[in-house]
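Notes for the one structure printed next.
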Amino acid sequence: MIASTFVDELFKHQVVYSRRAMRAVFDRLAHSSIMRLNTNSMDKLFDLMTMAVKYQVSLCQRPQEVLFATFNHLDSLIKYSENDPELHAKTLALFKRFVARYSTLTPGQFQLLRSTLLSYFQDQHVRVSIFLKDGLQNEKGRFIIPLSGTVPLGVEVPGAIRVHAEPQ
41 MIASTFVDEL FKHQVVYSRR AMRAVFDRLA HSSIMRLNTN SMDKLFDLMT MAVKYQVSLC
101 QRPQEVLFAT FNHLDSLIKY SENDPELHAK TLALFKRFVA RYSTLTPGQF QLLRSTLLSY
161 FQDQHVRVSI FLKDGLQNEK GRFIIPLSGT VPLGVEVPGA IRVHAEPQ
């Protein structure tokens with residue numbers, strides 16, 4: 041999964057993959073391990089993964105949080121690979137390359153990235169039992185995004201009334 045040719049391909053500037061192309065990449069990744077799934081199980085796993093990514097991107101309150109969410113995933117890969125020195129070295133190299141490429145993006149570039157991801161998932165409304173059970177999706181497969189909670193860092197709570205003194 042962290043072969044240099046695959047990682048190089050991930051970092052190339054390219055058009056967004058179609059759903060069919062993304063599925064082909066996903067199939068190859070899943071079958072590169074010892075895991076063997078029938079078509080129905082692979083369909084369900086792919087739907088779960090795509091809807092989980094959609095939900096996570098939807099929850100990002102500001103565009104830079106896409107970067108932080110990806111850091112969380114990469115941190116997990118680094119921790120998971122600690123027992124295999126070769127894999128760990130490749131994972132650390134991937135992390136450093138990711139940081140070098142994406143940590144310098146402007147807020148506008150992050151907004152474009154987040155918008156592109158959300159556009160990719162826009163018409164995907166697959167009902168996933170675990171999301172339905174937890175009340176995260178409605179019966180039509182649309183996510184229920186919480187409207188309460190904290191506002192993003194640097195953003196004021198909406199609805200504040202201010203009175204400014206009359207200029208003299």
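Numbered by this note's numbering, the letters in the sequence shown go through residues 41 to 208 in order. Cβ coordinates follow ideal geometry from the N, Cα and C atoms, glycine included.
Once the 5 residues before and after residue i are set aside, which same chain residues still bring their CB inside 8 Å of it?
{"i": "glycine 148", "result": "none"}
{"i": "tyrosine 57", "result": "Val65"}
{"i": "leucine 153", "result": "Pro103, Val106, Leu145"}
{"i": "leucine 193", "result": "Arg102"}
Run the CB neighbour count on residue i, radius 10 Å, all protein chains shown included, and call it buried at 16 or more, exposed below.
{"i": "lysine 136", "result": "exposed"}
{"i": "methionine 91", "result": "buried"}
{"i": "glutamine 104", "result": "buried"}
{"i": "valine 168", "result": "buried"}
{"i": "phenylalanine 51", "result": "exposed"}
{"i": "phenylalanine 108", "result": "exposed"}
{"i": "valine 203", "result": "exposed"}
{"i": "valine 97", "result": "buried"}
What does the alpha-carbon distance come out to for the pair residue i and residue j?
{"i": "proline 125", "j": "glutamine 177", "result": "41 Å"}
{"i": "valine 47", "j": "threonine 79", "result": "26 Å"}
{"i": "leucine 117", "j": "leucine 134", "result": "10 Å"}
{"i": "serine 121", "j": "arginine 76", "result": "22 Å"}
{"i": "leucine 157", "j": "cysteine 100", "result": "12 Å"}
{"i": "arginine 59", "j": "serine 72", "result": "20 Å"}
{"i": "serine 155", "j": "proline 207", "result": "42 Å"}
{"i": "leucine 127", "j": "lysine 84", "result": "28 Å"}
{"i": "valine 6", "j": "asparagine 123", "result": "With the chain running from 41 to 208 in the structure shown, residue 6 is simply not present."}
{"i": "phenylalanine 111", "j": "glutamate 196", "result": "26 Å"}
{"i": "isoleucine 74", "j": "valine 55", "result": "31 Å"}
{"i": "arginine 182", "j": "aspartate 163", "result": "10 Å"}
{"i": "histidine 53", "j": "isoleucine 170", "result": "35 Å"}
{"i": "leucine 132", "j": "serine 44", "result": "13 Å"}
For residue i, which residues from the same chain have a beta carbon less than 6 Å from its beta carbon, with the 5 sequence-adjacent residues on both sides left out?
{"i": "lysine 130", "result": "Ile42"}
{"i": "leucine 88", "result": "Val168"}
{"i": "valine 191", "result": "Val197"}
Tell me which same chain residues have a C-beta within less than 7 Å of the C-beta of residue i, skipping the five on either side of it?
{"i": "phenylalanine 86", "result": "Arg63, Phe66"}
{"i": "methionine 82", "result": "Asp67, Ala70"}
{"i": "lysine 180", "result": "His165"}
Below 8 Å on the Cβ atoms is my guess for residue i versus residue j; work out the distance and round it to an integer in Å.
{"i": "lysine 94", "j": "phenylalanine 161", "result": "4 Å"}
{"i": "leucine 172", "j": "phenylalanine 138", "result": "The Cβ separation is near 33 Å, so there is no contact."}
{"i": "glycine 2", "j": "isoleucine 184", "result": "An answer regarding residue 2 cannot be provided, because it is not within the stretch 41 to 208 covered by the chain."}
For residue i, would you say it is in contact with chain B, using Cβ-to-Cβ distances shorter than 9 Å as the test?
{"i": "arginine 68", "result": "Note that chain B does not occur in the displayed structure, where there is just one protein chain."}
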